[in-house]
Amino acid sequence: MKSILGTPTSHPFIERVIRTTRNECLDQVLFFNKYDLQKKLELYQDYYNETRSHSSLAMKTPKQVAAADALDKKVAPLDDYRWRSHCNGLYTLPIAA
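Following my numbering, the numbering of the sequence shown begins with 17 at its first residue and continues without gaps.
Pasting the structure below:
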């Protein structure tokens, strides 16, 4: 994804995640090397997605929203798909049967 240097408004959602990560994680903990930083960022990612409530999600966690969405959507079984060849067999794509 390309963006213009020094223009945070080009990707506001990414900028928001970076700011939140800095404020809630990186500014609050010490890390000793890149491995320690990676481990702490992984722990924060789990917290962010599974425990932390989000105002944009009606104070639910992303995990709760994803679980509710999965229950609402009907998924077609794999038996209902077949493959269609394109470009003289160069590649194939799945299509609903």
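In this text, a Cβ means the ideal position worked out from N, Cα and C, and glycines have one as well.
Kindly indicate which residue of the options has the alpha-carbon position closest to the one of residue i.
i          : options        : result
residue 60 : 81, 99, 34     : 34
residue 36 : 48, 46, 51, 64 : 64
residue 29 : 51, 46, 72     : 72
The beta strand (DSSP E) that contains residue i, what's its start and end?
i          : result
residue 98 : 97-102
Mind checking who residue i pairs with in its DSSP beta bridge?
i           : result
residue 76  : 70
residue 111 : 98
Distance check for residue j and residue i, CA to CA, integer angstroms please.
i          : j           : result
residue 53 : residue 42  : 9 Å
residue 38 : residue 88  : 34 Å
residue 69 : residue 77  : 5 Å
residue 44 : residue 111 : 49 Å
residue 66 : residue 48  : 26 Å
residue 57 : residue 32  : 16 Å
residue 97 : residue 86  : 20 Å
Taking the continuous alpha helix (DSSP H) assigned at residue i, which residues delimit it?
i          : result
residue 48 : Looking at the DSSP string, residue 48 is not in any alpha helix (DSSP H), and its letter there is neither H nor E.
residue 40 : First-last for residue 40: undefined, no H or E at that position.
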